[in-house]
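Counting from 52, one number per residue, gives the positions in the sequence shown under our numbering.
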Amino acid sequence: MSGQGNFGFVNGGLLPVAHAAEWLADTWNQNGALSVMSPVTAQIESVCEGWITELFGLEKGTAMGLVTGSSNAIICALAAARNTLLKRQGYDLAENGLRNAPAIRIVVGADAHSSVKAALSVLGFGKAETEIVPTDEFGRMKIENVPELDNHTLLILQAGNVNGGSYDPIDKLCDLAKERGAWVHIDGAFGLWAAASKKYRYLVKGMEKADSWSTDAHKTLNAGYDCGIVLCRHRDEFTAALQASGAYIQYGESRDGMLYTTEMSRRARAVPLWAVLKSLGAKGVEQLIDTLCGHAEHFAAGLQKAGFELVNPVFFNQFMVRCETERKTEHVLHEIQNSGICWCSGSKWKGESVIRVSICSHATTREDIDKSIRVFCQALH
52 MSGQGNFGFV
62 NGGLLPVAHA
72 AEWLADTWNQ
82 NGALSVMSPV
92 TAQIESVCEG
102 WITELFGLEK
112 GTAMGLVTGS
122 SNAIICALAA
132 ARNTLLKRQG
142 YDLAENGLRN
152 APAIRIVVGA
162 DAHSSVKAAL
172 SVLGFGKAET
182 EIVPTDEFGR
192 MKIENVPELD
202 NHTLLILQAG
212 NVNGGSYDPI
222 DKLCDLAKER
232 GAWVHIDGAF
242 GLWAAASKKY
252 RYLVKGMEKA
262 DSWSTDAHKT
272 LNAGYDCGIV
282 LCRHRDEFTA
292 ALQASGAYIQ
302 YGESRDGMLY
312 TTEMSRRARA
322 VPLWAVLKSL
332 GAKGVEQLID
342 TLCGHAEHFA
352 AGLQKAGFEL
362 VNPVFFNQFM
372 VRCETERKTE
382 HVLHEIQNSG
392 ICWCSGSKWK
402 GESVIRVSIC
412 SHATTREDID
422 KSIRVFCQAL
432 H
């Protein structure tokens, strides 16, 4: 799945240090629910929380939870958003439930990831409560079409479209939301890591003004599956939304990991995450990101030169191409998937078939890219 020629979906590779740390974590078999169960896991999570917050340029004290992936991270973040927005209207969800709760407006782009829609459904929000904002040809939310926001609005932005890698205008929309008191969540499973690169940081300019964020360490960071990350500016509101209760639970004075996720029993995901961050450091993380994106730019340029239509600019680490006809695009994709050299996934973009290319493994080299370009060319001709 994470081989150097796999460019399908958005599947991250596995750094050697993460692999070794996974072995340790599995051998230790730690349950990261409570600090009393695993003091070492609690301490490692606290350290990772500080490092991730600093790496992303977020406010000191931002809360972090480690979950299976962005799908769960979004649920955790939006649960905190929902409860807080209701509380601002004088409604206690924990006490009164959803049945008689005042309305919350959901504002989201037309090209939001399916996991956002799934999270909203799980949390009790229907299509009738969701206002869809039109997007441009690259999937970015159009500011002029964003409805009037207010203090019971949840605005969900995207940092890295799953098809073409585009980013919503985060800075301007965060400013607009803050003026109106709306809650802003940024979904950035792979794209939020642009914040850790001086070259690509402009893509997420203003992200620190949001209220919550979701991303994955098992994609761009190559920390291994599974490791999703949820972050929230409002620690008390975040833990209140997710907190469990029980006479048998023994909370500690230090970090209790279960307060930051929907899970009680949970593996020590922080161990490989800590190992990767400690090993790479900020400069190493930046170099990894820049390398992945550089490969994507080289790949796209090579395919365009060979006669493929580049559907979008290379914003980050992925892009889309297509051929002159739907039938040709689907034929070329079939040939690539059966080449045994590289693998890509297909998608539909604005109603037309495309080939998606996602560079997400540290193991991929420039030689792998050039070899894959030749596979594309052979399939085309």
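Glycine residues also receive a C-beta, built at the ideal position from the N, C-alpha and C atoms.
Practice task
Give the secondary structure of A326 by DSSP, where H, G and I count as helix, E and B as strand, and everything else as coil.
Solution key: Taking the first residue of the sequence shown as position 1, residue 326 is located at position 275. Here A326 sits in helix by DSSP.
Handout entry: W244 - containing alpha helix (DSSP H), residue span
Key = Here residue 244 corresponds to residue number 193 of the sequence shown, with the count starting at 1. Element bounds for W244: n/a, residue is neither H nor E.
Exercise for the section: Would you check if the distance between the CB atom of D222 and the CB atom of Q209 is smaller than 9 Å? Expected result: Start at 1 with the first residue of the sequence shown, and residue 222 comes out as number 171. Start at 1 with the first residue of the sequence shown, and residue 209 comes out as number 158. Cβ distance not < 9 Å, so D222 and Q209 don't count as in contact.
Exercise for the section: Determine the DSSP secondary structure at Y311, reduced to helix, strand or coil. Expected result: The count along the sequence shown starts at 1 and reaches residue 311 at position 260. In the structure shown, Y311 sits in a helix (DSSP, three-state: H, G or I).
Problem - Helix, strand or coil at A145 [DSSP, three-state] - result: Here residue 145 refers to the residue found at position 94 when the sequence shown is read from its first residue. A145: helix per DSSP, three-state reduction.
Exercise for the section: Figure out for me which residue from S166, G215, N202 and K168 has the closest Cα to the Cα of D187. Expected result: Against the sequence shown, residue 187 aligns to sequence position 136. Ranking S166, G215, N202 and K168 by Cα distance to D187 puts G215 first.
Problem - Distance between beta carbons of W234 and L206, contact taken as under 8 Å - result: As a working note, residue 206 is residue 155 in the sequence shown. As a working note, residue 234 is residue 183 in the sequence shown. So it is a contact: roughly 7 Å between Cβ atoms.
Practice task
Count the other C-beta atoms from every protein chain shown that fall within 10 angstroms of the C-beta of Q369, then say buried if there are 16 or more, exposed otherwise.
Solution key: Stepping through the sequence shown from its first residue, residue 369 is reached at position 318. Counting Cβ neighbours within 10 Å, Q369 comes out buried, since at least 16 surround it.
Handout entry: Alpha carbon of S89 to alpha carbon of L384, nearest angstrom
Key = Numbered from 1 along the sequence shown, position 38 holds the residue referred to as residue 89. Numbered from 1 along the sequence shown, position 333 holds the residue referred to as residue 384. Answer to the nearest angstrom: the Cα atoms are 48 Å apart.
Exercise for the section: Can you check DSSP and say which residues form a bridge with R156? Expected result: Position 105 of the sequence shown holds residue 156. Per DSSP, T204.
Exercise for the section: Return the chain-ordered list of same chain residues with a C-beta closer than 7 Å to the C-beta of L310, the five sequence neighbours on each side being excluded. Expected result: Position 259 of the sequence shown, counting from 1, holds the residue named residue 310. The answer, listed in chain order, is T290, L293 and Q294.
Exercise for the section: Return the chain-ordered list of same chain residues with a C-beta closer than 6 Å to the C-beta of L282, the five sequence neighbours on each side being excluded. Expected result: By 1-based counting over the sequence shown, the position of residue 282 is 231. These residues qualify, in order along the chain: T113, M115 and W264.
Problem - Stretch pair the segment 343-354 + the segment 408-418: three plus CB contacts closer than 8 Å - result: yes
Problem - Sub-9 Å separation of Q81 and R286 beta-carbons - result: In the sequence shown, residue 81 corresponds to position 30, counting from 1. In the sequence shown, residue 286 corresponds to position 235, counting from 1. Against a cut-off of 9 Å, the Cβ pair of R286 and Q81 comes out as no contact.
Exercise for the section: May I ask which residues mark the beginning and end of the alpha helix (DSSP H) holding L174? Expected result: The residue labelled residue 174 in the question sits at position 123 within the sequence shown. No alpha helix (DSSP H) holds L174; DSSP gives it neither H nor E.
Handout entry: Per-residue DSSP class, three states only, for G108
Key = Along the sequence shown, one-based indexing puts residue 108 at 57. In the structure shown, G108 sits in coil (DSSP, three-state: anything other than H, G, I, E or B).
Practice task
Determine the closest residue to F350 out of L339, F367 and Q338, with distance taken between C-alpha atoms.
Solution key: For the purposes of this step, residue 350 is taken as the residue at position 299 of the sequence shown. It is F367.
Handout entry: Cβ separation of I387 and F427, assumed to be a contact under 8 Å, to the nearest whole Å
Key = Translated into positions along the sequence shown, residue 387 becomes position 336. Translated into positions along the sequence shown, residue 427 becomes position 376. About 6 Å separates the two Cβ atoms, so the contact holds.
Practice task
List the whole-angstrom C-beta distance separating H203 from R156, where the pair is believed to meet the contact cut-off of C-beta under 8 Å.
Solution key: Translated into positions along the sequence shown, residue 203 becomes position 152. Translated into positions along the sequence shown, residue 156 becomes position 105. Indeed they touch by this definition, with Cβ atoms about 6 Å apart.
Problem - Residues bridged to F370 (per DSSP) - result: As a working note, residue 370 is residue 319 in the sequence shown. DSSP, once it has assigned bridges, lists V408 as partnering F370.
Handout entry: For W400, the first and last residue of its enclosing alpha helix (DSSP H)
Key = The residue you call residue 400 lines up with position 349 of the sequence shown. Not the alpha helix (DSSP H): W400 falls in the beta strand (DSSP E), residues S396 to W400.
Handout entry: Nearest-angstrom Cα separation, counted from R425 out to G239
Key = Locating residue 239 in the sequence shown gives position 188, where the first residue counts as 1. Locating residue 425 in the sequence shown gives position 374, where the first residue counts as 1. Using only the alpha carbons, I get a separation of about 31 Å.
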